[in-house]
Amino acid sequence: MKVSEQKIDDVNSIIKVEVEKNDYQANVDKSLQQFRQKANIPGFRPGKIPAGLVKKMYGKSVLAEEINKLVSKNLFDYIKENKLNVLGEPLPNETEQKELDFDTQEDFDFLFDVGIAPKMDITLSKKGDKVNYYKIKVDDDLLDKQVKSYTGRYGTHESVDDKVDEKDMVKGLLSELDENGIVKADGISVESAVLMPAYIKDEEEKAKFIGAKKGDKITMNPNKAYSGNEGEISSLLQIAKEEAAGITGDFCFEIADITRYKDAEIGQELFDKAFGEGVITTEADFMAKVKSDLENQFADDSDYKFMLDANKYLIEKVGQLQYPDAFLKRWLLATNEKSTSEDIEKDYPNTIKSLTRHLIQEQLLKDNDIKVEEADLIEMAKKVTRMQFANYGLTNIPDEMLENYAKEMLNKKESAQNLINRSVEEKLTQFIKENVSLKEKEVSLDEFNKLFTEDMNADKE
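Counting from 1 along the sequence shown, just add 13 to a position and that's the residue number in this note's numbering.
Structural data, given as structure tokens:
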């Protein structure tokens, strides 16, 4: 078998695969023999079907299948062995490919169009390459908000002798009333009914509770209060959801207790709950830890913004690249069944921009031998897990637990691929940061967020 490449230009080639009879005949004979052993044809015992009949019935399809497998393997082996950086996948040539006849031909020529990635040289230096790096300033306002987040997260509910506030939890005796406003002897009665005015939908019903105090008796209508929501009504009245549909009358709510959520005090109890027992022992250390965590969180945001800017800079640095446009549009159309030629044409500039960014990153990884090891993936999985727990206010997770979660994530194909992508991105970010000059600019969080808005608007244009 002979495979050869005909260069059309720097980014287009035709690969020719020449197949002769002796390349495929042995495999065809073997497949036909297997068909002969397994085929079930009336009038013949298994394995006793005449070879000629088997060939007549299955010969053409077997020949096509074996040649197809042979051509595909040799085509991709050639691409790999010759280190051709192809874009997309090879497509059957539409102009020079001769028609094939499996009934009469013994030798076959297959022609494939391939698109070749443009070559680029990306050399970075601190002297010649400069990219903005925005550092978010952790000011007093941000610090205060984060401290309030901690005191709010680890606060407690306490009974208060005060008037009911919208966010309070009100507990009491709830009794069904008749049409005259008298408690029904056989009506629904809930001794420890609980509600929060904040969740009452109807403003008039909500207002009845705001400012009330212990011992007050309030006439309310659950159906009106919760806009006929059977789930909420059944929960309040402690009855089945089906029964709640028929409840339309008034009830008396006699307030027995008012519970209010109180933020935690800044002290050792809060420090231990937030960061583990004894890890933080002074208010100064607590404030320093909160600030440090914010800075680490914002560092990831700064790196993300840096990579957006670095990608734009690198695309400009490599300049206008030559692409096999006709091939790529044809390949995109072939692989996107729901897209039309007009769709492909309209989105093509964005496609090229994304492709250029991808090729630049691949080139940097290859040229600088940047690789992701198993240890990198485990650390990334632990980092992701740590952030997920932090979203729920859990910051002092034992390393052993993080390790177990990390291994579980790596065992799932989808999450493992996501971790690989994030690890590659992180390593690439670090490499670029170390090899260009960073133009550091300290900005407020609001200013930083505006930069993202500007980026998104620029991408739409």
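By construction, the Cβ of each residue, glycine as well, lies at the ideal position given by its N, Cα and C atoms.
What you are looking at is a predicted structure, and each value in this text was computed from that prediction instead of being measured.
Self-check item: Distance CB(LEU208)-CB(VAL183) smaller than 9 angstroms
Solution: Against a cut-off of 9 angstroms, the Cβ pair of VAL183 and LEU208 comes out as a contact.
Exercise. Check the DSSP bridge columns for LEU186 and list the partner residues they point to.
Key: GLU267.
Quiz item: Going straight from the alpha carbon of ASP270 to that of LYS227, what length do you get?
Solution: Taken atom to atom, the span from the alpha-carbon of ASP270 to that of LYS227 is near 6 angstroms.
Practice problem: Tell whether a beta-carbon distance below 9 angstroms holds between ASP480 and ILE223. | Solution: Examination of residue 480 is not possible in this model, given that the chain is present from 14 through 474 alone.
Exercise. Please name the residue, chosen from TYR239, SER202, SER205, that lies closest to GLU216 on a Cα-to-Cα basis.
Key: Taking only the C-alpha atoms, the option nearest GLU216 is TYR239.
Quiz item: Does the Cβ-Cβ distance between LYS446 and ASP316 come in under 9 angstroms?
Solution: Their beta carbons are under 9 angstroms apart, which means LYS446 touches ASP316 by this criterion.
Self-check item: Exposed unless 16 or more other CB atoms sit within 10 angstroms - verdict on ILE195
Solution: Here ILE195 is exposed. Its C-beta has fewer than 16 other C-beta atoms within 10 Å.
Exercise. State yes or no: is the C-beta of LYS244 within less than 9 angstroms of the C-beta of LYS254?
Key: Correcting the residue type first, residue 244 is Gly in the shown sequence and not Lys. For GLY244 and LYS254, yes; Cβs fall inside 9 angstroms.
Practice problem: Check each candidate in THR295, LEU341, LYS286, PHE319 and name the one with the smallest Cα separation from ALA403. | Solution: Residue LYS286 is the option with its Cα nearest to ALA403.
Quiz prompt | 4-residue-minimum alpha helix (DSSP H) runs that sit fully inside the region 309-381, ordered along the chain | solution = Annotation note: the region 309-381 contains the following uninterrupted alpha helix (DSSP H) runs of length 4 or greater, listed N- to C-terminal: 338-348, 354-380.
Quiz item: What three-state label does DSSP hand ILE433 in the structure shown?
Solution: Per DSSP, reduced to three states, the secondary structure at ILE433 is helical.
Quiz item: In three-state terms, what does DSSP make of GLN19?
Solution: GLN19: strand per DSSP, three-state reduction.
Quiz item: Over what stretch of residues does the beta strand (DSSP E) that includes THR232 continue unbroken?
Solution: Residues 230-233.
Exercise. Starting from ALA206, follow the alpha helix (DSSP H) in both directions and report where the run begins and ends.
Key: Not the alpha helix (DSSP H): ALA206 falls in the beta strand (DSSP E), residues 202-208.
Self-check item: Boundaries of the alpha helix (DSSP H) in which LYS180 is found, first to last residue
Solution: Careful: LYS180 lies outside any alpha helix (DSSP H) and carries neither H nor E.
Quiz item: At a cut-off of 8 angstroms, is MET133 close to the ligand MG when judged by its beta-carbon and the heavy atoms of the ligand?
Solution: In terms of ligand content, the structure shown is empty, and the ligand MG therefore cannot be addressed.
Quiz prompt | Straight-line gap, ASP181 to SER248 (C-alpha atoms, nearest Å) | solution = Whole-angstrom Cα-Cα distance: 18 angstroms.
Quiz item: Between the Cα of ILE252 and the Cα atoms of ALA225, ASP276, LYS214, SER202, which residue gives the shortest distance?
Solution: From the listed residues ALA225, ASP276, LYS214, SER202, the smallest Cα separation to ILE252 is found for SER202.
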